[in-house]
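To start, the structure under review is shown below, and the notes come after it.
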Amino acid sequence: MQPGTLMPRAPSTVPESPAPPAPSVLPRPRRRRAAWVLLRWAIILGIWGVLAMGALFMWFARDLPRPEEALVASRRPGLALQDRTGQTFATFGDIVGEPLRLSQMPDALPRAAVAIEDRRFWTNPGIDLVGLARAAWTDLLAGHVVEGGSTITQQVAKNLFLSNARTLKRKVQELLLTVWLERHFSKQQILEIWLNRVYLGDGAYGVDAAARLYFGVSARHVSLWQAAVLAGLPAAPSLFNPRADPDAAAARGRAVLAAMVSTGAITPAQARAAAAQIHFPPRRHIAAGWFADWAAEQAQHLLPRGADASLRTTLDPRLQSAAETALGSVLTGPAVAAHVTEGAVVALDAATGAVRAMVGGRDYATGPFNRAVLARRQPGSCFKPFVWLAALENGVRPDDPVLDAPIRIGAWQPLDFERRYLGRVTVETALAQSLNTPAVRLEMRAGGPAAVAAVAHRLGIVDRLPDHPSLALGTGEVGVLEMAASYAAFFNGGFRVTPHGIDAAEVDSHWRVVTEAARPRVMPPDLAAMMVRMMAAVVRRGSGTAAAIPGRLVAGKTGTTADYRDAWFIGAVHGEVIAVWLGNDDDASTAGVTGGSLPARIFRAVALAVP
24 MQPGTLMPRA PSTVPESPAP PAPSVLPRPR RRRAAWVLLR WAIILGIWGV LAMGALFMWF
84 ARDLPRPEEA LVASRRPGLA LQDRTGQTFA TFGDIVGEPL RLSQMPDALP RAAVAIEDRR
144 FWTNPGIDLV GLARAAWTDL LAGHVVEGGS TITQQVAKNL FLSNARTLKR KVQELLLTVW
204 LERHFSKQQI LEIWLNRVYL GDGAYGVDAA ARLYFGVSAR HVSLWQAAVL AGLPAAPSLF
264 NPRADPDAAA ARGRAVLAAM VSTGAITPAQ ARAAAAQIHF PPRRHIAAGW FADWAAEQAQ
324 HLLPRGADAS LRTTLDPRLQ SAAETALGSV LTGPAVAAHV TEGAVVALDA ATGAVRAMVG
384 GRDYATGPFN RAVLARRQPG SCFKPFVWLA ALENGVRPDD PVLDAPIRIG AWQPLDFERR
444 YLGRVTVETA LAQSLNTPAV RLEMRAGGPA AVAAVAHRLG IVDRLPDHPS LALGTGEVGV
504 LEMAASYAAF FNGGFRVTPH GIDAAEVDSH WRVVTEAARP RVMPPDLAAM MVRMMAAVVR
564 RGSGTAAAIP GRLVAGKTGT TADYRDAWFI GAVHGEVIAV WLGNDDDAST AGVTGGSLPA
624 RIFRAVALAV P
């Protein structure tokens, strides 16, 4: 073969590589089927989604209150208690003032509310996304919830219709009701509802009730600074309450004024002038919680069901303050070393039974248990006046002799406190020195413990008393209030009184009939005068000299129980009976406290406040 001659190529045994496939394209019928499948699933999922949303909506709305019905006020009837001077010192239930239109309020009031609570109120659709975002950012920076983003409309929805539970369900329901409110009411109406129904502390609902409670005026007449204080309360009614913390209320009021300046509602000069005028009159710091609870319970059956009431009580603020101060100073002072932790004081008018002061323990805020009314303790020698009265009714007289000497009745033998005996003494001296064996002898001469118990019950003791000779030494258990009321008969000429806290003139004739019928004569006036004479000797020269007040007739009786567990002094000055008890709730012994020591000192401090 010549060079350059082309040879024919032999057939290759290796197949050639196929050409790259063309892009896959489904046939048109298959594309249509796939699209139909996708559309069908989209429709199915959409239907199920709508059904699921509907079911979810129905679940959220199944117990949603009917807004039309919820707009009708539903509240507890309010009860305000006033002291003898007319000052309100306690409130119960819900206090609602007069419903006011925006046109009836000073312009400053709604402007202050919008400025501090919802400055975009007039333009937002009920939900403020800007406010929510700002609140979320503030909370994020702080690491906890410090600011809320609720609009006034949302607050109306929540406060009027829902609970305060922080749940998703409650929040969704709030949004649903917010939309309903915005569709059915104008902005003016929503703001009116909020101002008339918002809680502003101390049981007050609405600006009119709060204005009357805190400032003594209707919301129609509040000044700029008063409007600012009221508008600042909803954020924290207990914290910014003018009664609870005047300084915090004033600071919050100034913050509202600053917010009003930033929204253009007032000028900086107006804000400065209003801030300078913020002032809350000093409030008498009397607790009176025990008295308020007791008097409110008395008032319940006297008032029309479901009606609000403001009642004048028998409380004397001066005596109440004196009783609180006297007991508090002793319990935080000398009583500490004496192992005394609790006490109670009651003061009442001997002629009528009107309770003027009541302190049921160390601190009402930490424990509202009323030891003056509910606790039962042995009165010790404070029970002896009932024995002496029983003896007088059986012919014994103050100057008659009685033997102070050992005595045994069965297996029981009483001992005198001083463990010594004076022999023959007068009945008056035996009471003045609080001698035990003469008390038992007089009990026997009067007919025994059953006869003495009958006398005590006749004067007002309601508790069951033991049928044992030791009753003469005060081994029965009684209450401080009932002892004070029972002593009243000694000092009012012989009439039994019913202790009460509601002024008779404040209630209808039903109450007057009750109080008048509760003053039967229980002893002749001459025997009452003898009892006063002998109890005056207790203070003048006997076991109660620490209660004496120069220039005043003070009569009373000391009482000390076994192992110094209870110490009492009950007496009267200028027609006021004052009963004092000291001891421990667990019945532990004190360090030698007697009725003539700390209780007599407390009595004297309270008695000095009696006019």
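To convert a position in the sequence shown, counted from 1, into this note's numbering, add 23.
Ideal Cβ placement from N, Cα and C applies to all residues, glycine included.
Where M128 falls: helix, strand or coil (DSSP):
coil
Looking at the structure shown, is I70 part of a helix, part of a strand, or coil, going by DSSP?
helix
Per DSSP, cross-strand counterpart(s) of L605
G366 and A590
Can you check the segment 247-312 for any alpha helix (DSSP H) of at least 4 residues that lies completely inside it and give the ranges in chain order?
247-254, 269-285 and 291-300
Roughly how many angstroms separate the alpha carbons of S404 and G499, rounded to a whole number?
11 Å
State yes or no: is the C-beta of A511 within less than 8 Å of the C-beta of G376?
yes
Straight-line CA distance for F115 to G226?
7 Å
Could you tell me the alpha carbon to alpha carbon distance between L132 and Q293, rounded to whole angstroms?
14 Å
Where A413 and R468 are concerned, what is the direct C-alpha to C-alpha distance, given to the nearest angstrom?
9 Å
Would you call the CB atoms of Q300 and W248 closer than 8 Å?
yes
Have a look at the DSSP bridge pairing and note the partners of V119.
Y228
Under 7 Å Cβ to Cβ from E215, same chain only, skipping five residues before and after it: list those, please.
R124 and L125
Pull up the CB-CB distance for S261 and A254, whole angstroms please, since I reckon it's below 8 Å.
Not really, about 16 Å apart at Cβ, beyond 8 Å.
When the Cβ atoms of the segment 578-597 are set against those of the segment 620-628, are three or more pairs found closer than 8 Å?
yes
What's the gap between the Cα of S566 and the Cα of T336?
35 Å
For V579, which three-state DSSP category applies?
One detail in the question is off: residue 579 reads as Gly in this sequence, not Val. Strand.
So, for A281: in the same chain, excluding its five sequence neighbours on each side, which residues have a beta-carbon less than 8 Å away from its beta-carbon?
A294
Please report the distance separating the alpha-carbon of A479 from that of D526.
27 Å
Going by DSSP, name the residue or residues bridged to T111.
Q105
Can you tell me whether V520 is helix, strand or coil according to DSSP?
coil
Using a Cβ-Cβ cut-off of 6 Å (strictly less than) and excluding sequence neighbours within five positions of D423, which residues of its own chain qualify?
V450
Among A232, D331 and T568, which residue has its Cα nearest to the Cα of R624?
T568
Answer yes or no: the CB of L482 versus the heavy atoms of the ligand FAD, is any distance below 7 Å?
Annotation note on the ligand FAD: not contained in the displayed structure, which lists no ligands.
Assuming I430 contacts T460 under a Cβ cut-off of 8 Å, what Cβ separation, rounded to an integer in Å, is found between them?
5 Å
So what does DSSP say about T635, is it helix, strand or coil?
Because the chain spans 24 through 634 in this model, residue 635 falls outside it and cannot be assessed.
What first and last residue would you give for the alpha helix (DSSP H) that runs through Q408?
In the sequence under discussion, the amino acid at residue 408 is Pro, which differs from the Gln named in the question. It spans K407 to E416 - the alpha helix (DSSP H) in which P408 sits, taken as one unbroken run.
What span of residues does the beta strand (DSSP E) with M381 cover, start to end?
V378 to V382
Tell me where the alpha helix (DSSP H) around S352 begins and ends.
P340 to L354
What does the Cβ neighbour count give for L338, buried or exposed, with the cut at 16 atoms within 10 Å?
buried
Tell me whether the beta-carbon of A507 lies closer than 8 Å to the beta-carbon of V410.
no
A346 vs V629 beta-carbon contact at 8 Å
yes
Alpha carbons only, please: which of L236, A65, V60 and V245 is nearest the one belonging to A113?
L236
Other residues of its chain near A559: CB distance less than 8 Å, five sequence neighbours each side excluded:
L576, V577 and A578
Between the beta-carbon of V600 and the beta-carbon of V633, is there less than 8 Å?
no
Suppose contacts are defined by Cβ-Cβ distances below 8 Å. Is P2 in contact with G497 by that definition?
Examination of residue 2 is not possible in this model, given that the chain is present from 24 through 634 alone.
Tell me the rounded alpha-carbon separation between S493 and V353.
31 Å
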